[in-house]
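Student: Residue numbers (the working numbering): 166 to 297.
We put the CB at the ideal spot given by N, CA and C, even for glycine.
Bear in mind the structure is a predicted one, so any value in this text is a computation, not a measurement.
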């Protein structure tokens, strides 16, 4: 999470005969689908223009960890292409967050509900299994 994809996506603009469309400026937009719903979590230049039939994105990233992510690419005439599903892992540990606050304490008595802390990355993604 929080870093540009190591391998940035490239999309070929193709006609109905699966020939690359060249010599035209075609805009292709990228959006993120998470668990079947479009989100606004994709960061970076989400729209690129090509003139050689290929669009290569350069700085796309997602700050939120999670599974079942897919990129959706939309071009001319509403043509759509989908990436394979992928997982975004949390970044390095950065802070402690209160996962469960303590109940109102009574002076001189142990807390009835103990607080629970979690380790999270800079974007608030909780790291599971962390021994930090």
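Can you tell me whether DSSP reads residue 241 as helix, strand or coil?
Tutor: Correct three-state label for residue 241: helix.
Student: If I follow the unbroken beta strand (DSSP E) through residue 287, where does it start and stop?
Tutor: First-last for residue 287: undefined, no H or E at that position.
Student: Since residue 206 is in the beta strand (DSSP E), which residue starts that stretch and which ends it?
Tutor: No beta strand (DSSP E) contains residue 206, which DSSP labels as neither H nor E.
Student: Going by DSSP, name the residue or residues bridged to residue 231.
Tutor: DSSP output for residue 231 lists 253 as bridge partner(s).
Student: Identify the continuous beta strand (DSSP E) that holds residue 293 and give its terminal residues.
Tutor: Looking at the DSSP string, residue 293 is not in any beta strand (DSSP E), and its letter there is neither H nor E.
Student: Using only alpha-carbon positions, find the residue among 249, 191, 206 that is nearest to residue 168.
Tutor: With distances taken between Cα atoms, residue 168 lies closest to 206.
Student: Which partner residues does residue 215 have in the DSSP bridge list?
Tutor: Note: residue 215 sits in a beta bridge opposite 191.
Student: Our contact map puts residue 214 next to residue 241 with C-beta atoms below 8 Å; I'd like the distance itself, whole angstroms only.
Tutor: With 8 Å as the limit, residue 214 and residue 241 do not qualify as a contact, their Cβ atoms being about 11 Å apart.
Student: Grouping DSSP H, G and I as helix and E and B as strand, with all else coil, what is residue 263?
Tutor: Three-state DSSP puts residue 263 in a strand.
Student: On the DSSP letters alone, give me the boundaries of the beta strand (DSSP E) that residue 248 sits inside.
Tutor: Element bounds for residue 248: n/a, residue is neither H nor E.
Student: If we ignore side chains and look at the alpha-carbon of each, how far apart do residue 227 and residue 188 end up?
Tutor: Between residue 227 and residue 188, the C-alpha separation is close to 32 Å.
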